[in-house]
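Here the structure comes first, spelled out in structure tokens, and everything after it is commentary.
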Amino acid sequence: MDPSRKRKVRLVVALTAAVLLATALIYTSFSASTEASKPSEIKPGRSYELTGKVVNGSIRHDGDDLRFRVRDRDGTTSVPVSYTGVVPDPFRDGREVIVSGELEHGTFVAERDSLVTKCPSKFTKDEQSS
Amino acid sequence: MAGVGSACLFIALLTALYAIAASVSGARSGRREWVTSGRRAIYCVAGLCVIAFGVLESAFLRSDFSFALVAEGSSIETPTFYKVTALWATQDGSLLLWVTLLSLFSTTVLFLTRRSLRDIAPWATAVLGGVAAFFLLLMIGWENPFDTLATPPADGVGLNPLLRHPAMMIHPPMLYTGYVGFSVPFAFAIGALVARRPGADWIRATRRFALIAWTFLGTGIMLGALWSYTELGWGGYWAWDPVENASLMPWLVGTAFLHSIMVQEKRGMLKVWNVSLICATFTLALLGTFLVRSGILDSIHAFGASTIGVQFLVFIGLVVALSAGLIISRLPLLRSEAKLDSLLSREAFFLLNNLVLVGLCLVIMWGTFFPLISEALTGTKASVGPPWFDRLVTPLALVLVLLTGIGPVLAWRRFTPAALWRVLAVPIAATGAALVLLLAFTDAADSWTSLLMFCLVAFVLTVVSQELWRGTAARRTMTGESWPRALGRLTGRNRRRYGGYLVHAGIAVLFLGVAASSAFVDQRDVRLRPGDSFEVNGYQVTYREPTAKLGGDSGGTGAPISFGAVLDVRKDGKHFVLRPSRNYYSTADPSLGTISRLFEGEATSEVDVRWGLTRNFWMAIRPDIGSLDKPIREADAKFANASGDVQALIVAALAERYRRDPPPAAFRAISSPFVVWIWIGGGIVVLGALVAAWPSPEARLRRVRSLYSARLGQELSRA
Amino acid sequence: MEYVLALVVLALLVAAVLSVPLRRRGQEEHLEETRLAELRAAKEAKYREIRDAELDHQMGKLSRDDWRAVDRDLRNEAIDILRELDRLEGKVPQGGMDR
């Protein structure tokens with residue numbers, strides 16, 4: 001095979017690999033993704049990544065379950081959440097959380113271990129510590 | 131004193147701008163004195179930054195709360211080690227650290243190249259000055275570390291308890307050294323492009339800096355993973371969090387760069403690729419620094435919506451535009467000097483390894499920025515989780531490990547196909563043997579990706595051992611030395627190559643740990659009362675008794691109260707004791723009662739891990755102090771204005787109450803195999819990088835040997 | 850107040866340091882000297898490649914013929930560098946060794 005043909009072959013191979021990778025990326029990410037939504041936006045029937053703030057005073061331990069309410073960051077709509085699994089250290093009233101799950105009969109049933117709590121920002125003033 | 135610090139920053143900014151002007155003017159006019167002056171300006175910037183850093187650090191050590199930063203991040207009772215390191219836990223302080231490291235690195239490289247690279251160095255000086263000027267401007271304009279408080283408080287807020295861990299405090303300087311280190315080859319690449327000297331000279335001068343930067347960045351990433359494993363309550367070391375990814379991406383592209391520059395040095399190929407790669411690495415380093423402080427992506431790390439996100443984006447945009455523009459305009463100069471002779475050569479496989487590494491980086495970038503991408507394309511912010519990352523990264527990682535095994539086996543320029551079998555026979559046999567042994571004696575087949583990874587790791591380790599052996603044997607036939615001496619001389623005269631092989635071995639070991647600990651982990655979450663036991667992975671775990679301590683927590687973080695447990699773990703006659711606990715810090719929130727305030731601050735998990743070469747046993751506890759709610763509220767009402775001593779007595783009483791009648795506590799136990807090898811592998815990588823970066827004896831010999839006495843035949847004789 | 854004082858002091862110090870080279874003018878060094886250093890580095894690198902190729906042959910990665918071909922190419926490249934070095938060193942007086 002003469003050199004210029006060799007080079008064309010290599011180019012084709014490289015481009016094919018790139019196209020395959022891109023397709024894999026796009027296809028898998030859009031099908032496996034969860035939508036980030038606020039409590040006022042979620043509807044039953046599909047899974048979401050619920051983001052919002054923990055409603056003050058709503059945290060209850062119910063045996064193995066953790067129950068709390070999440071409200072919109074800038075609003076009052078809140079939804080009750082039922083969660084099992086590891087609870088991150090910064091979790092408490094008023095903190096911003098992200099939890100994945102589905103709305104069932106009015107309660108957001110969370111996936112195990114999917115609770116993420118944002119570290120209280122090091123760089124902005126937190127309401128609870130002065 | 132704060133005034134001095136502020137003044138240093140301001141003068142440093144002016145000096146950095148002067149450095150740019152003087153260097154550019156000197157380069158264009160050919161007047162050496164301006165270039166020298168510009169270089170000295172960088173030295174001055176370094177000096178000024180060091181002074182400013184010293185001023186701030188002394189304020190922390192003295193607990194001078196007139197400095198706003200000290201009041202925010204430290205307190206009187208913070209242990210000294212954390213007082214020192216709290217400086218870079220804050221936004222402003224971390225910027226100061228960044229620019230101090232940058233100016234020190236710049237000074238070093240400019241001093242070392244002061245007599246060489248005459249055309250390129252001035253432009254590199256200007257670039258380095260420009261980056262320093264940006265960070266200085268950020269500080270002076272928006273995030274000044276020397277802001278003072280008109281009325282200094284009596285005590286500071288203290289360091290966030292989650293950060294009170296040695297690994298967490300060394301992690302930022304390591305990462306920043308990595309990011310900053312890559313700015314040096316970047317600056318010289320830009321200089322080479324501007325000066326139209328696209329040869330390998332800029333690479334030779336900055337190669338070591340790239341290697342050092344890469345090593346520090348990798349160490350920083352490893353330390354972050356270690357912190358996650360030993361400090362957080364979930365027991366994992368990598369979560370594909372945007373901030374973690376932000377540090378991994380420049381590391382991956384930096385790895386590609388370290389390999390492809392070898393091709394340019396030896397064959398004069400891949401010039402366009404190399405300059406593009408280093409520009410990408412530096413851009414990603416800036417992006418990494420930016421992501422962590424921008425708040426544009428949801429992450430547990432979010433440093434919070436900050437005031438400097440836009441500025442960073444503008445700067446990054448400038449860097450990208452400048453790099454792209456330069457590369458395109460110099461494209462004719464960057465033509466390859468040679469062609470790929472054979473697909474079976476090291477050059478070809480380095481190219482392949484580059485494609486895989488860049489591919490990995492693109493995958494991670496896609497996943498990290500997916501929320502923004504999906505919002506732009508579909509209007510809703512969607513995100514992908516760790517399972518997606520694992521699914522896409524695993525095949526690429528497998529190919530990468532395979533390549534780390536094949537690369538050392540090949541030779542430059544060409545490889546005799548017939549010899550391929552002779553060279554690969556032993557490694558393939560070893561891989562087959564590993565496969566058979568694993569299938570026969572373990573349940574490794576449960577996860578075929580892990581099985582494949584184990585076999586590939588065996589392949590890589592065999593290849594590296596074989597290379598060392600055969601190289602030593604070949605040297606012996608030429609010189610007749612003894613085995614140890616031959617090995618020493620072989621590696622000593624070829625540090626880059628054998629250091630690199632050691633790094634490959636380290637990476638293989640690291641992936642062994644990753645594969646084993648992710649696929650074969652056994653985890654249980656339970657609620658126990660004292661006396662209960664449960665079983666995980668054949669270990670019998672019994673909750674012996676609860677603990678409640680005042681002060682003196684196991685991590686040395688100065689926690690006032692800790693509740694925990696003592697657990698006995700038994701298996702096959704082995705017995706050890708674990709003492710996980712949870713530290714409770716106080717808060718100054720005025721809306722809570724006096725006693726409640728002592729319990730309602732941050733709380734951190736003090737994990738207890740039994741490390742082992744084959745298996746780690748990890749435990750965390752989440753005690754339920756809900757049973758103390760009522761007594762705490764009663765105490766709030768009765769002792770609202772109690773003194774510190776009375777408060778301490780009450781807390782001691784509450785602790786005693788918990789000890790006597792503890793409610794069930796939640797435990798997590800994780801038994802994972804070979805986890806420690808992740809960090810051992812990382813250590814081997816650092817060792818290999820050290821070997822590769824160590825100056826070779828030839829550099830010293832060159833200085834001594836007279837130049838004209840050197841002729842081709844003589845110099846090729848064995849030394 | 851201390852801010853202004855520090856500003857003035859530091860500005861003067863820095864200006865002093867930066868003006869030293871400007872006063873020491875007329876030190877034109879030939880561009881060839883840096884070219885020499887770079888060529889010498891390239892020469893060392895080429896020598897290392899030649900030695901590596903021989904080691905590869907000894908280790909059995911390259912057949913005798915393949916090695917001969919590679920060795921020949923490398924030695925030609927080395928000779929080019931030596932020629933360039935000779936040319937430059939003929940022009941520039943032997944100013945001493947690398948430091």
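Protein chains in written order, with my numbering: chain A, 1 to 130; chain B, 131 to 849; chain C, 850 to 948.
By construction, the Cβ of each residue, glycine as well, lies at the ideal position given by its N, Cα and C atoms.
In this text the structure is predicted, and so the values were computed from the model without any measurement.
CB contact check: residue i to chain B, cutoff 8 Å
i: C/Leu904; result: yes
i: C/Glu933; result: no
i: C/Asp920; result: no
i: A/Pro80; result: no
i: A/Thr34; result: yes
i: A/Val13; result: no
i: C/Ala865; result: no
i: A/Glu49; result: yes
Sequence-distant residues of the same chain with beta carbon closer than 6 Å to residue i, five excluded per side
i: B/Ala849; result: Summary for B/Ala849: the model assigns pLDDT 43, below 50, so the residue's position carries little reliability; its value from the coordinates is reported in the next sentence. If we look at B/Ala849 and ignore the five residues flanking it on each side, it has no Cβ neighbours.
i: B/Arg460; result: Leu323
i: A/Ser100; result: Thr34, Glu49, Glu111, Ser114
i: B/Leu586; result: Val531, Leu532
Pairwise C-alpha distance: residue j and residue i
i: B/Trp518; j: B/Arg162; result: 56 Å
i: A/Lys38; j: A/Val70; result: 9 Å
i: B/Arg337; j: B/Glu273; result: 34 Å
i: B/Lys213; j: B/Asn713; result: 19 Å
i: B/Gln777; j: B/Thr145; result: 55 Å
i: A/Gly94; j: B/Gly455; result: 48 Å
i: B/Lys701; j: B/Phe747; result: 12 Å
i: B/Ala733; j: B/Leu540; result: 54 Å
i: A/Val9; j: A/Thr23; result: 21 Å
i: B/Leu199; j: B/Thr215; result: 12 Å
i: B/Leu550; j: B/Gln596; result: 14 Å
i: B/Phe650; j: B/Glu665; result: 16 Å
i: B/Asp371; j: B/Ser358; result: 12 Å
i: B/Ile558; j: B/Phe589; result: 7 Å
i: B/Ile457; j: B/Trp807; result: 42 Å
i: B/Gly135; j: B/Phe190; result: 13 Å
Proximity winner among the options, relative to residue i (alpha-carbon distances)
i: B/Val185; options: B/Ala152, B/Gly321, B/Gly774, B/Phe276; result: B/Phe276
i: B/Tyr628; options: B/Leu266, B/Gly133, B/Ser826, B/Gly348; result: B/Ser826
i: A/Thr16; options: B/Thr602, B/Leu485, B/Thr437; result: B/Leu485
i: B/Lys679; options: B/Ala603, B/Leu353, B/Leu779; result: B/Leu779
i: B/Leu382; options: B/Ala506, B/Ile408, B/Leu448, B/Arg787; result: B/Ile408
i: B/Leu822; options: B/Glu675, B/Phe589, B/Ile342; result: At residue 822 of chain B the sequence reads Ala, which differs from the Leu that was named. Closest by alpha carbon: B/Ile342.
i: B/Gly723; options: B/Gly133, B/Ala695, B/Asp759; result: B/Asp759
i: B/Arg752; options: B/Ala695, B/Val806, B/Trp807, B/Gly774; result: B/Ala695
i: C/Met908; options: B/Val590, B/Arg606, B/Trp370; result: B/Arg606
i: B/Ser802; options: B/Leu598, B/Arg740, B/Ala770, B/Gly812; result: B/Arg740
i: B/Pro462; options: B/Lys401, B/Leu492, B/Thr510; result: B/Lys401
i: B/Arg521; options: A/Ile42, A/Gly57, A/Thr28, A/Asp62; result: A/Thr28
i: B/Gly515; options: B/Ile494, B/Leu528, B/Tyr631, B/Arg397; result: B/Ile494
i: A/Thr76; options: A/Gly52, A/Asp89, A/Val87; result: A/Gly52
Chain-order list of residues whose beta-carbon lies under 7 Å from that of residue i (same chain, five-residue window excluded)
i: B/Phe346; result: Met304, Thr307, Gly308, Gly311
i: B/Val180; result: Thr230
i: B/Asp471; result: Arg543, Arg544
i: C/Ala891; result: Ile930
i: A/Gln128; result: Confidence at A/Gln128 is low in this model, with a pLDDT of 26, below 50, so the placement of that residue should be treated as unreliable; the coordinate-derived value is given next. So the qualifying residues of the chain are Gly94.
Cβ-heavy atom distance, residue i to the ligand COA, below 7 Å
i: B/Val671; result: The ligand COA is absent from the structure shown, which contains no ligand whatsoever.
Beta-carbon proximity of residue i to residue j, cut-off 8 Å
i: B/Arg709; j: B/Gly365; result: no
i: B/Phe706; j: B/Val699; result: yes
i: B/Ala219; j: B/Leu279; result: no
i: B/Phe804; j: B/Ala616; result: no
CB contact below 8 Å: residue i versus chain F
i: B/Trp809; result: Checking the listed chains, one finds no chain F in this structure; the protein chains it contains are A, B and C.
Neighbour flag for residue i against chain A, beta carbons, 8 Å
i: B/Val493; result: yes
C-beta neighbour in chain C for residue i, strict 8 Å
i: B/Ile458; result: no
i: B/Phe140; result: yes
i: B/Glu187; result: no
Sequence-distant residues of the same chain with beta carbon closer than 8 Å to residue i, five excluded per side
i: A/Val55; result: Phe68, Arg69, Val70, Arg71, Ser78, Asp93
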